[in-house]
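Colleague:
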Amino acid sequence: MKLLTPEEIISTLQKRLGKSMLDSRVQIRTEGVKKRENRNIWITIDKYAVHQAVKALMGIAYPHLSCISGWDKGRDDPNLRVQYIFTIYGGEAGAETMVVFSLDLPKDNPVLPTITDLMEGTAFTEREKTEYLGIRIEGLAPAEHRFFLPEDFPEGIYPLRKDDKGIPQSMVKNLWACGRPQNRPPAPLPEKEEAAAAPAAPAAPANSEAKPETKSPEGGA
759 MKLLTPEEII STLQKRLGKS MLDSRVQIRT EGVKKRENRN IWITIDKYAV
809 HQAVKALMGI AYPHLSCISG WDKGRDDPNL RVQYIFTIYG GEAGAETMVV
859 FSLDLPKDNP VLPTITDLME GTAFTEREKT EYLGIRIEGL APAEHRFFLP
909 EDFPEGIYPL RKDDKGIPQS MVKNLWACGR PQNRPPAPLP EKEEAAAAPA
959 APAAPANSEA KPETKSPEGG A
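First residue of the sequence shown? That's 759 in the working numbering, and the numbers climb one at a time after it.
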């Protein structure tokens with residue numbers, strides 16, 4: 759297998775994705791005293807090109823999926839940001855490369871295709887995006903239970919959203935204001951503090967008997 763440079767990887771993906779690749783950049787940093795290269799490729803793609811992009815990357819080298827990350831871009835932005843973070847050429851000295859596909863999803867209709875048909879292990883991280891951000895993953899097999907949130911967590915509320923689908927103020931509990939329960943014993947002290955807090959032992963009584971003076975045979979004191 760030929761190991762491609764970051765520029766060659768981008769060129770290969772560009773040919774396969776066409777206009778679905780919106781922009782790209784390469785970031786190379788050195789780490790440690792040996793100045794080991796850390797190669798990173800950042801690619802922004804169209805939201806409809808996820809499956810195509812992952813398949814194209816697999817055509818270069820089978821990737822390791824670190825995770826699918828996602829976040830709300832803020833109340834003033836209509837989009838969520840999703841990133842598919844892969845590594846290729848793992849274990850190849852000087853060639854290991856991180857490839858990140860980034861895309862925006864509209865908050866009013868956040869839908870993505872599953873990539874479990876390409877990589878079965880992505881199901882776990884795809885479900886995380888569903889439960890925390892409300893992203894609908896088309897083609898993902900239904901689950902019998904939630905993986906990340908309690909079963910009684912309200913439907914339609916997503917903890918990582920910053921809009922009206924996020925956690926309402928009525929669900930926020932200020933635990934810091936609750937105070938310490940009065941029916942609990944005091945917290946145990948560490949050994950040093952416990953020793954310092956212990957009462958001092960009573961002083962030994964002074965010896966009231968005077969010690970007789972002894973004189974030397976020559977009569978000196």
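Positions of the beta carbon are idealized from the N, C-alpha and C atoms, including for glycine.
These numbers come from a predicted model, not from an experiment.
Is E850 helix, strand or coil when you go by DSSP?
Modeller: Looking at E850 - three-state DSSP - the assignment turns out to be coil, as it is neither helix nor strand.
Colleague: What separation, rounded to the nearest whole angstrom, lies between the Cα atoms of R885 and V784?
Modeller: Each residue's Cα considered, the two are about 30 Å apart.
Colleague: So what does D862 bridge to, in DSSP terms?
Modeller: According to DSSP, D862 bridges with R839.
Colleague: Using the rule of at least 16 other Cβ atoms within 10 Å of the residue's Cβ for burial, across every protein chain shown, is P868 buried or exposed?
Modeller: The residue in question, P868, is buried, as its Cβ has 16 or more Cβ neighbours within 10 Å.
Colleague: When burial is assigned at 16 or more other CB atoms within 10 Å of the CB, is S782 buried or exposed?
Modeller: S782 should be labelled buried.
Colleague: For V858 and P943, I'd like the C-alpha separation in whole angstroms.
Modeller: Between V858 and P943, the C-alpha separation is close to 52 Å.
Colleague: Apply the 10 Å Cβ neighbour rule to F844 and answer buried if 16 or more other Cβ atoms are within range, or exposed otherwise.
Modeller: So F844 counts as buried.
Colleague: Would you decide whether D875 is buried or exposed? Buried here means 16 or more other CB atoms lie within 10 Å of its CB.
Modeller: Classification for D875: exposed.
Colleague: Do I803 and I768 come within 8 Å of each other at the CB atom, strictly closer than that value?
Modeller: No, the Cβ-Cβ distance between I768 and I803 is not below 8 Å.
Colleague: Could you pull out every unbroken alpha helix (DSSP H) segment of at least 4 residues lying fully inside the stretch 874-950, listed in chain order?
Modeller: The qualifying runs are 881-891.
Colleague: Could you pull out every residue in the same chain whose Cβ sits closer than 8 Å to the Cβ of S778, ignoring the five residues on either side in sequence?
Modeller: Cβ neighbours of S778 beyond the five flanking positions: I803, D804, Y806, A807, Q810 and A811.
Colleague: For D781, which residues does DSSP report across the bridge?
Modeller: In the DSSP output, where bridge partners are listed per residue, D781 has T802.
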